[in-house]
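S.K.: One structure follows; several queries about it will come next.
2 protein chains.
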Amino acid sequence: MTYLKECTVSVFGLGLLGASLAWKLTSDGSVRGVAGWSRSPETVRRALDAGMITHACVSAEECAALGDILILAVPIRSMEETSRNIAAAVRPDAFAVFDLASTKTEVGRSLASVWGPRYAGFHPMAGKEKGGIGNADPELFLGSVCAIVPFPETSPSVLALAEELASALGGRSLRTTPVEHDAVTACISHFPVLVAASLSLLAERERERHPLLPLLAAGGFRDTTRVAGGPAWLGADMASTNGAQVRRLAEEYKKVLDELLSAAPEELETLLARASASRGSILAAKEAWSREERK
Amino acid sequence: MTYLKECTVSVFGLGLLGASLAWKLTSDGSVRGVAGWSRSPETVRRALDAGMITHACVSAEECAALGDILILAVPIRSMEETSRNIAAAVRPDAFAVFDLASTKTEVGRSLASVWGPRYAGFHPMAGKEKGGIGNADPELFLGSVCAIVPFPETSPSVLALAEELASALGGRSLRTTPVEHDAVTACISHFPVLVAASLSLLAERERERHPLLPLLAAGGFRDTTRVAGGPAWLGADMASTNGAQVRRLAEEYKKVLDELLSAAPEELETLLARASASRGSILAAKEAWSREERK
């Protein structure tokens with residue numbers, strides 16, 4: 000058995016998630032050390048100066064050679080390439096490799112093929128509207144759900160370590176499968192980004208016709224489109240690496256929307272009441288589960 | 000010329016908007032008195048007990064006979080019927096009739112035919128997730144935009160009074176036409192309700208397949224669907240009395256969504272960046288206009 004406290008954690012990528020995770024582990028002293036690497040040397044220096052990491056690495060290979068646990072926090076589309084680049088530099092006794100990607104089926108399959116039993120998917124469901132190390136926060140994961148996604152090869156002790164890591168971040172772990180993870184996150188996170196972006200682009204067109212549009216926009220527009228304000232590269236990464244699920248949901252969504260559009264007023268009221276109840280029930284179930292955890 | 004301070008304002012309907020408006024005018028002493036009527040005698044009593052109104056009316060006719068200014072705050076679908084019911088009881092020297100409906104083309108046309116030059120549309124763009132007198136707040140309209148919608152018959156002095164009323168509520172008035180009002184509010188408010196409700200209904204279905212869905216739902220789902228949590232009767236009223244604009248926008252929206260769904264990753268990133276910029280520009284224009292007002 001390996002325990003988190005005796006491990007050096009190597010973090011690849013120091014954006015919002017990577018830097019926040021590193022910072023939390025460093026500041027709590029919950030691991031022996033945190034090595035950090037980013038494509039940008041300036042970002043690595045900044046992370047060291049701010050006390051987010053204990054070792055600043057000039058190369059991904061250097062970072063790989065230091066870690067007992069490797070955490071991939073690079074953009075989804077770079078996960079596999081980064082893995083292949085560092086594979087030779089990783090110590091034979093390195094214990095676990097986790098990725099923080101928001102989609103798991105495609106990326107997990109390719110990472111499992113590189114890392115074998117040492118790999119499990121790890122997805123802390125936390126974020127902010129604006130990304131980057133400048134928005135990093137050691138308490139970003141407090142109270143958040145960390146999805147832990149085993150693959151057929153994953154060693155049980157790696158899963159136990161993933162749960163320890165979730166606790167160290169202040170989150171709560173939840174095991175799921177790659178397909179379930181991607182279906183659910185497509186529904187509650189990735190597809191909503193496209194919904195919100197479409198509404199923003201629609202408003203842009205309508206504004207050309209009616210320049211006073213912004214003056215009438217209020218909290219409803221702001222909230223419904225909030226997730227369209229996030230980093231475009233991340234939205235594109237999520238939607239494209241989870242494309243099959245997103246497209247499946249989009250087809251169902253358009254049918255539901257058409258049903259609302261063609262409903263008579265009384266029928267529409269019934270459907271809207273059901274929508275409100277569904278939303279309320281989903282949020283209440285989440286809330287109850289979170290309260291249960293705090294007990 | 001009539002001045003607000005010398006007027007008794009009669010409010011028909013004491014839900015969130017009607018009660019908040021009455022309360023603000025009563026508590027600031029910005030009018031001579033506020034008469035209030037609701038279909039529910041219990042609601043009228045509650046409004047009087049809480050000091051939201053100065054005269055509790057047992058019938059719409061009684062309320063009509065007291066007012067220099069009449070404010071219709073009943074559900075959109077009841078506006079015309081309420082108007083016809085009270086028309087005979089209104090004093091010949093009553094000065095102005097405003098409706099607080101969130102759509103203006105259809106309802107305005109029918110109200111203008113009842114009230115002639117005394118009528119103008121008045122739409123304070125403010126609300127809360129939960130309606131009803133229990134959520135009333137005299138400061139609900141503070142900083143909000145009050146759309147003022149003249150009809151061909153509307154007397155200029157009625158428009159001046161509408162502007163005075165907007166100021167008394169703590170809002171800022173903005174003149175627009177019925178068609179422009181309905182096109183813009185369909186885009187930034189009414190259609191987003193259907194977008195949010197469709198997403199909630201989609202999540203309900205997906206939850207049947209994956210019962211852990213709520214546990215993975217986070218802030219993105221909550222915010223994107225927030226407007227689906229409002230009163231169903233209101234959403235149905237808005238979408239159905241503004242049906243032509245909502246359907247026109249829905250057709251454009253589906254095309255935009257399809258464009259995002261079929262885009263290659265780099266193309267999608269470009270479109271998402273544009274969506275984020277459009278949203279940012281709309282919110283910034285609103286913010287700049289609000290700051291200008293505060294000067």
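Taken in order, these protein sequences are the chains called A and B.
The letter at position 24 of the first sequence is residue 23 when you use numbering that gives the first Met the number 0, and the numbering goes up by one with no holes.
The letter at position 26 of the second sequence is residue 25 when you use numbering that gives the first Met the number 0, and the numbering goes up by one with no holes.
All C-beta atoms in this analysis are idealised placements derived from N, C-alpha and C, irrespective of residue type, glycine included.
Given the structure is predicted, the values throughout are model-derived calculations rather than measurements.
Checking contacts by CB at 8 angstroms: is I281(A) closer than that to chain B?
M.R.: At least one chain B Cβ lies under 8 angstroms of I281(A).
S.K.: Which ranges does the beta strand (DSSP E) cover as unbroken runs of at least 3 residues, wholly within the segment 87-173 of chain B, from first to last along the chain?
M.R.: Fully enclosed beta strand (DSSP E) runs of 3 or longer: 95-98, 118-123 and 144-148.
S.K.: Among all the DSSP beta bridges, which residues are the ones paired with W36(B)?
M.R.: Answer is F11(B).
S.K.: If I measure Cβ to Cβ from E60(A) and keep anything under 7 angstroms in the same chain, skipping five residues before and after, which residues do I get?
M.R.: Around E60(A): I85 and A88.
S.K.: Please go through the segment 29-83 of chain A and give each complete beta strand (DSSP E) segment of 3 or more residues, from N-terminal end onward.
M.R.: Runs found: 32-36 and 68-71.
S.K.: Put L16(A) into one of helix, strand or coil per three-state DSSP.
M.R.: Helix at L16(A).
S.K.: Here's a check: name, in chain order, each residue in its chain whose Cβ is nearer than 8 angstroms to the Cβ of L233(B), leaving out the five neighbours to either side.
M.R.: Counting only Cβ-Cβ distances below 8 angstroms, and skipping sequence neighbours, we find P74, S101 and G130.
S.K.: Measure how close the beta-carbons of G66(B) and A34(B) come, nearest whole angstrom, since I'm counting them as under 8 angstroms.
M.R.: Right, the Cβ-Cβ distance comes to about 6 angstroms (below 8 angstroms), so this counts as a contact.
S.K.: Once you ignore the five residues that flank A95(B) on each side, which residues in its own chain have a CB closer than 6 angstroms to its CB?
M.R.: For A95(B), where only same-chain residues beyond five positions count, the Cβ hits under 6 angstroms are I68, R117, V157 and L160.
S.K.: Tell me where the alpha helix (DSSP H) around V255(B) begins and ends.
M.R.: Its alpha helix (DSSP H) spans residues G242 to S261.
S.K.: Could you check if D92(A) is buried or exposed, using at least 16 other CB atoms within 10 Å of its CB as the buried criterion?
M.R.: By the 10 Å Cβ count, D92(A) comes out exposed.
S.K.: Below 8 angstroms on the Cβ atoms is my contact criterion, and I expect I132(A) with T42(A) to pass it. Report the Cβ-Cβ distance as a whole number of Å.
M.R.: I132(A) to T42(A), Cβ: 6 angstroms. Contact.
S.K.: Helix, strand or coil for A217(A) per DSSP?
M.R.: Three-state result, A217(A): coil.
S.K.: How is T176(B) classed by DSSP in three states: helix, strand or coil?
M.R.: Coil, per DSSP.
S.K.: Leaving out five residues on either side along the sequence, give the residues of the same chain with a beta carbon under 7 angstroms from the beta carbon of R90(B).
M.R.: Contacts found: A64.
S.K.: Please decide whether R90(B) counts as near chain A, where near means a Cβ-Cβ distance under 8 angstroms.
M.R.: Answer no: the Cβ-Cβ gap between R90(B) and chain A never drops below 8 angstroms.
S.K.: Got a sec, what are the start and stop residues for the alpha helix (DSSP H) R208(B) sits in?
M.R.: Looking at the DSSP string, the run of the alpha helix (DSSP H) that includes R208(B) is F190 to R208.
S.K.: V148(A): buried (16+ other C-beta within 10 angstroms of its C-beta) or exposed?
M.R.: V148(A) comes out buried.
S.K.: Touch check for the segment 195-215 of chain A and the segment 283-293 of chain B: three-plus C-beta pairs under 8 angstroms?
M.R.: Touching, yes, given that three or more Cβ pairs across the two stretches are closer than 8 angstroms.
S.K.: Rounded to whole angstroms, what is the Cα-Cα separation between C62(B) and R225(A)?
M.R.: Spanning the two alpha carbons is a distance of roughly 43 angstroms.
S.K.: How big is the Cα-Cα spacing for L15(B) and N134(B)?
M.R.: Approximately 6 angstroms, taken between the alpha carbons.
S.K.: Using three-state DSSP, classify C186(A) as helix, strand or coil.
M.R.: C186(A) falls in the helix class under three-state DSSP.
S.K.: Nearest by alpha-carbon distance to E251(B): which of A49(B), L201(B), C186(B) and V106(B) is it?
M.R.: Comparing Cα-Cα distances from E251(B) to each of A49(B), L201(B), C186(B) and V106(B), the minimum goes to C186(B).
S.K.: Please report the distance separating the alpha-carbon of Y2(A) from that of I70(A).
M.R.: Taking the straight line from one Cα to the other gives about 16 angstroms.
S.K.: I'd like to know whether the C-beta of M206(B) is nearer than 8 angstroms to at least one C-beta of chain A.
M.R.: Note on identity: in this sequence residue 206(B) is Arg, with Met being the wrong assignment. At least one chain A Cβ lies under 8 angstroms of R206(B).
S.K.: Taking just the CA atoms, how far does G169(A) sit from E163(A)?
M.R.: E163(A) and G169(A): Cα-Cα distance of roughly 10 angstroms.
S.K.: Is DSSP giving G279(A) helix, strand or coil here?
M.R.: Here G279(A) sits in helix by DSSP.
S.K.: Quick one: using the 10 Å Cβ neighbour count with 16 as the cut-off for buried, is P40(A) buried or exposed?
M.R.: By the neighbour-count rule (16 or more Cβ atoms within 10 Å), P40(A) is not buried but exposed.
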